[in-house]
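Asks:
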Amino acid sequence: MSDNCIFCKIVAGQIPSTRIYEDDDVLVFHDIHPVANVHFLIVPKRHVESLLTATPGDQVLLGKLLALAPQLAREQGLGEGFRTMINTGVKGGQSVFHLHLHVFGGGGKAEAAISQIMQ
Ligand code: AMP
Ligand code: ZN
Numbered sequence: 000m001s002d003n004c005i006f007c008k009i010v011a012g013q014i015p016s017t018r019i020y021e022d023d024d025v026l027v028f029h030d031i032h033p034v035a036n037v038h039f040l041i042v043p044k045r046h047v048e049s050l051l052t053a054t055p056g057d058q059v060l061l062g063k064l065l066a067l068a069p070q071l072a073r074e075q076g077l078g079e080g081f082r083t084m085i086n087t088g089v090k091g092g093q094s095v096f097h098l099h100l101h102v103f104g105g106g107g108k109a110e111a112a113i114s115q116i117m118q
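In structure tokens form, the structure reads like this:
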């Protein structure tokens, strides 16, 4: 656990979250400021700051985050498709420096904006 890390505190149960999945390595909860009708975060329980500081030893964990996305997306009603995003570093738009995979879809403001930009 890293001091003053909001996601470490969520993992530890010190800050509430709406959990949708948990195992020994991973916690998944809804984003508090959803950018789409469904928006959740897949978070390693162990504090890894970002993809920039991940090491080859984190490969299995990184694979697990991605592999969980379709299973949980289906369970959240996104069986026909969803988007994933990992913001990395200050210049990559990361605001919480505990690695997390955004999964979102089902319509909403980000969906509309991304669809418009990525034609
Ligand atoms: P990023 O900008 O990629 O670092 O994303 C951080 C995300 O964490 C944002 O989408 C926030 O809305 C979300 N977030 C921040 N605090 C909380 C919290 N207490 N519970 C759930 N999501 C949070
Ligand atoms: Zn942390």
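FYI, in numbering that gives the first Met the number 0 the residues of the sequence shown are 0 to 118.
We put the beta carbon where it would ideally sit given N, CA and C, even for glycine.
(1) Going by the beta-carbon positions, is the gap between Ile-31 and Leu-64 smaller than 8 Å?
(2) Can you give me the start and stop residues for the alpha helix (DSSP H) that Gly-62 sits inside?
(3) Is the region 100-113 touching the region 71-81 in the sense that three or more CB pairs, one from each, lie closer than 8 Å?
(4) Is it buried or exposed, Lys-44, if we count other Cβ atoms within 10 angstroms and call 16 or more buried?
(5) Is His-46 near ligand 2, going by C-beta to nearest heavy atom under 7 Å?
(6) With a threshold of 7 Å, establish whether the CB of Asn-86 neighbours any heavy atom of ligand 1.
(7) Determine whether the beta carbon atoms of Val-27 and Phe-39 lie at a separation below 8 Å.
(8) What are the residues that DSSP puts in a beta bridge with Met-84?
(9) In its own chain, which residues sit with a C-beta less than 8 Å from the C-beta of Phe-96, not counting the 5 before and 5 after it?
Replies: A quick look at the data gives this:
(1) no
(2) 58-74
(3) yes
(4) buried
(5) yes
(6) yes
(7) yes
(8) His-101
(9) Cys-4, Glu-48, Ser-49
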